[in-house]
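Peer 1: First residue of the sequence shown: 36, per the working numbering; consecutive thereafter.
Where is the CB? At the ideal position from N, CA and C, for every residue including glycine.
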Amino acid sequence: MTRPAGSPVLASRDVALLWGTTICDSGATWIIRIVIFVQVLEHHSTSALAVVELVGVLPSLLFMPLAGTIADRYSARVLSLTAMTAQTLCTGALFLAFDHGPAAIAPVYALLTLANSLWPPARQTWLYLMVAPHQRTAANGAIGSVQGLMTVVGGAAGGVLTAWQPGGTILVALGVQAVAVLAVSFVRTPGRTSAHRTGTDGHPGPETGRQTAAAQKTPQPESTPLTGKRHDDPSTQRPDPPIDTETEEAARPSLRREVREGVTVVGRYPLARSLIWVGLAWGFISGGFNVLVAGLALNVLHGDSSVLSLFYVVDGTAVLVGSLLAARIRRTRHLRYYALAYVGQGVFWALMFTSGHIWLGAALFGAMRLVSGVIIALDTTILLDTVPEAFRGRVTSLHMTSYNAVSQLSLAVISGLLAVVGIEPVGIATGVLSALVGLLWWMTTARHNRAAYLGAASPQPAAKTSLPR
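1) Once you ignore the five residues that flank valine 378 on each side, which residues in its own chain have a CB closer than 6 Å to its CB?
2) Identify which residue in Ala174, Ala329 and Ala454 has its Cα closest to the Cα of serine 47.
3) Alpha carbon to alpha carbon, what distance is there between alanine 139 and glycine 91?
4) Taking the CB atoms as reference points, tell me whether leucine 370 and leucine 386 lie closer together than 7 Å.
5) Which residues mark the beginning and the end of the alpha helix (DSSP H) in which phenylalanine 388 is found?
6) Can you tell which of Leu52, Glu77, Leu53 and Ala83 has the C-alpha that lies nearest to the C-alpha of leucine 453?
7) Between the alpha carbons of glycine 457 and valine 87, how many angstroms are there, rounded?
8) By Cβ distance, which residues of its chain are closer than 6 Å to valine 335, with the 5 residues on each side in sequence left out?
9) For glycine 391, count neighbouring Cβ atoms within 10 angstroms of its own Cβ and tell me buried if that reaches 16, exposed if not.
10) Assign phenylalanine 72 to one of two classes, buried (16 or more other C-beta atoms within 10 Å of its C-beta) or exposed (fewer than that).
11) Heavy atom of the ligand FAD less than 6 Å from the Cβ of aspartate 339, yes or no?
12) Would a C-beta distance cut-off of 7 Å place proline 94 and leucine 149 closer than the cut-off?
13) Based on Cα-Cα distance, which residue from Val342, Val313 and Gln443 lies nearest to leucine 380?
14) My output table needs one value for valine 456: the three-state DSSP class, helix, strand or coil.
15) Assuming contact is defined by CB atoms lying nearer than 7 Å, are alanine 332 and glycine 323 in contact in what I supplied?
16) Look at the Cβ atom of serine 340, then the Cβ atom of threonine 197, and state whether they are nearer than 7 Å.
17) Would arginine 112 and threonine 186 be called neighbours here (beta carbons separated by less than 7 Å)?
18) Under 6 Å Cβ to Cβ from valine 211, same chain only, skipping five residues before and after it: list those, please.
19) Cβ atoms of glycine 396 and glycine 357: under 7 Å apart, would you say?
20) For leucine 209, which residues of its own chain have a beta-carbon under 8 Å away from its beta-carbon, when the five flanking residues on both sides are left out?
21) Report the three-state DSSP secondary structure of glutamine 380 (helix, strand or coil).
22) Is the beta carbon of alanine 353 sitting closer than 7 Å to the one on leucine 413?
23) Are the beta-carbon atoms belonging to leucine 355 and leucine 184 less than 7 Å from one another?
24) Please give the ranges of any alpha helix (DSSP H) in the stretch 152-222, keeping only runs that are unbroken, at least 4 residues long and fully inside the region.
25) Closest to valine 207 by C-alpha separation, out of Gly401, Val326 and Ile69, would be which residue?
26) Is glycine 202 near tyrosine 347, with beta carbons less than 7 Å apart?
27) Going by Cα to Cα distance, which pick from Leu96, Pro142, Gly55 and Val455 is closest to methionine 119?
28) If you follow the alpha helix (DSSP H) that threonine 123 is in, where does it begin and where does it stop?
29) Where alanine 218 and leucine 52 are concerned, what is the direct C-alpha to C-alpha distance, given to the nearest angstrom?
30) Rounded to the nearest angstrom, how far is the Cβ of tryptophan 65 from that of glycine 193, given a contact under 8 Å?
31) DSSP three-state call for arginine 365: helix, strand or coil?
32) Within 10 angstroms of the Cβ of serine 376, are there 16 or more other Cβ atoms? Answer buried if so, exposed if not.
33) Can you give the Cα-Cα distance for leucine 146 and valine 188, rounded to whole angstroms?
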């Protein structure tokens with residue numbers, strides 16, 4: 036497997052496989068997205084595409100908070116295999132429904148995105164058990180760069196294959212998704228090794244389950260006073276006492292309680308809470324992102340599938356470069372650059388709809404997605420470094436749910452507006468709203484929490500790692 040140069044974090048076999056799984060999953064997703072957009076817009080209006088997109092992503096939005104709790108509670112390996120297998124089956128179903136119009140495509144697309152919603156929190160929980168704290172920014176950047184890389188490859192491949200044969204394009208996506216299932220099946224579970232039985236702060240990791248409880252009950256190896264041998268020496272070691280798994284299972288909080296805790300815990304960490312609401316800035320754009328980009332390229336600029344592919348190639352390349360640049364930003368400047376990136380994202384997006392020309396529009400789109408790449412790499416790092424390890428899956432899903440909720444509200448409004456006004460005013464308005472929210476986040480929250488963020492990265496005594504009471 037090809038690995039990006041200068042990414043030591045990918046020297047780990049399991050992290051590299053997780054990265055490769057993300058590549059295949061993202062690539063298949065982009066191919067499917069392109070072929071659906073072109074197919075719908077060839078026979079229907081932009082507002083019809085907005086409806087298909089809305090129906091397709093709404094179930095995943097509703098499921099996402101529960102997905103994070105499940106990722107914290109159960110094996111990330113099992114959940115990841117389940118997500119990948121379900122997506123493969125849904126891609127096969129999409130092939131059968133493809134020629135029967137939007138009414139048949141939308142529900143299958145909804146099942147596909149529903150299966151995919153389980154993957155990000157499970158992957159993030161798994162990833163954080165594999166890498167050391169000082170490698171997490173690089174690891175998040177490597178995973179974030181996949182979005183850019185696969186937007187280029189998947190977008191270009193989707194455009195070329197769709198021009199050749201739409202049905203065959205879905206079969207290609209099906210094969211790529213099957214490779215993702217194969218790749219994730221070879222990733223080992225960190226909880227099975229002693230190195231991962233506790234979190235980085237000495238507390239139990241989020242998915243070690245009964246093995247973690249057993250490790251807590253077993254004394255750490257130390258020398259005996261008479262023989263000088265360690266207790267883990269086979270000649271002195273005694274059998275471990277049996278683990279009462281039924282008692283431990285009964286002691287675990289209910290799924291409903293864990294969902295509730297995932298929501299309430301954010302209120303105790305101001306910076307994490309602010310990262311969630313600033314996601315609204317992206318929500319204003321992302322709701323109609325694919326619909327507006329497709330409409331701009333195909334309808335306003337009068338391009339074909341190759342022009343749409345060009346925009347997505349620019350998109351992916353810019354996100355990839357932005358993600359790599361973000362890894363070079365010093366931690367002391369994370370919040371400042373994160374805020375500037377949010378403002379720039381909205382400004383460049385609004386300007387793109389005033390370009391009137393394919394190449395100028397593509398250039399502005401590239402600038403917009405460059406700063407988006409910075410956001411993608413820094414977003415997860417800033418958010419997860421400020422909350423306890425046991426809540427990372429739930430907080431990841433809560434973050435995704437918040438901006439996805441705004442995205443779907445935005446998409447619903449956009450689908451109605453497109454029936455009344457043109458694409459250009461809608462694009463400009465969403466860009467301005469996004470920039471204003473980013474500016475508001477910096478002025479009200481980010482600049483006042485620099486010390487708290489820097490302190491969250493420093494090793495803390497065990498007593499200070501528990502949740503505030």
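Peer 2: The relevant details are as follows:
1) Same-chain partners within the cutoff: Ala470, Gly473 and Leu474.
2) The shortest Cα separation from serine 47 among Ala174, Ala329 and Ala454 belongs to Ala174.
3) Whole-angstrom Cα-Cα distance: 11 Å.
4) Cβ atoms of leucine 370 and leucine 386: not closer than 7 Å.
5) In the DSSP assignment, phenylalanine 388 falls outside any alpha helix (DSSP H) and carries neither an H nor an E.
6) Leucine 453 has its Cα closest to that of Ala83, out of Leu52, Glu77, Leu53 and Ala83.
7) Those two C-alpha atoms are separated by around 19 Å.
8) Taking C-beta separations shorter than 6 Å and ignoring five residues to either side along the sequence, the partners of valine 335 in its chain run Ile458, following chain order.
9) Exposed: under 16 other Cβ atoms inside 10 Å.
10) By the neighbour-count rule (16 or more Cβ atoms within 10 Å), phenylalanine 72 is buried.
11) Of ligands this structure carries none, so the ligand FAD is not represented either.
12) In terms of Cβ geometry, proline 94 and leucine 149 form a close pair [threshold 7 Å].
13) Reading the sequence as shown, one finds glutamine at residue 380 and not leucine. Nearest option by C-alpha distance: Val313.
14) Here valine 456 carries a coil assignment [DSSP, helix/strand/coil].
15) Cβ distance not < 7 Å, so alanine 332 and glycine 323 don't count as in contact.
16) In contact: serine 340 and threonine 197 (Cβ atoms closer than 7 Å).
17) No. Outside cutoff.
18) Residues Cys59, Gly62 and Ala63 of the same chain have their beta carbon placed closer than 6 Å to that of valine 211, with the five preceding and five following residues left out of the count.
19) Inclusion of glycine 357 and glycine 396 in the CB contact set at 7 Å is not warranted, their separation being larger than that value.
20) Same-chain partners within the cutoff: Ala63, Thr123, Thr126, Gly127 and Phe130.
21) Here DSSP, grouped into helix, strand and coil, assigns glutamine 380 to helix.
22) Cβ atoms of alanine 353 and leucine 413: not closer than 7 Å.
23) Yes, Cβ-Cβ distance for leucine 355 and leucine 184 is below 7 Å.
24) Uninterrupted alpha helix (DSSP H) stretches at least 4 residues long and entirely within the stretch 152-222 occur at 154-165, 171-199 and 201-220, given in chain order.
25) Closest by alpha carbon: Ile69.
26) Going by C-beta atoms, glycine 202 is not nearer than 7 Å to tyrosine 347.
27) Nearest of Leu96, Pro142, Gly55 and Val455 to methionine 119, Cα basis: Gly55.
28) For threonine 123, the enclosing alpha helix (DSSP H) covers residues 111-132.
29) So the alpha carbons of these two residues sit roughly 6 Å apart.
30) Indeed, because the Cβ distance is near 6 Å, the residues count as touching under 8 Å.
31) DSSP, reduced to helix, strand and coil, places arginine 365 outside both helices and strands of the structure shown, so it counts as coil.
32) The question names serine, but residue 376 is alanine in the sequence shown. Answer is buried; the Cβ neighbour count reaches 16.
33) About 24 Å.
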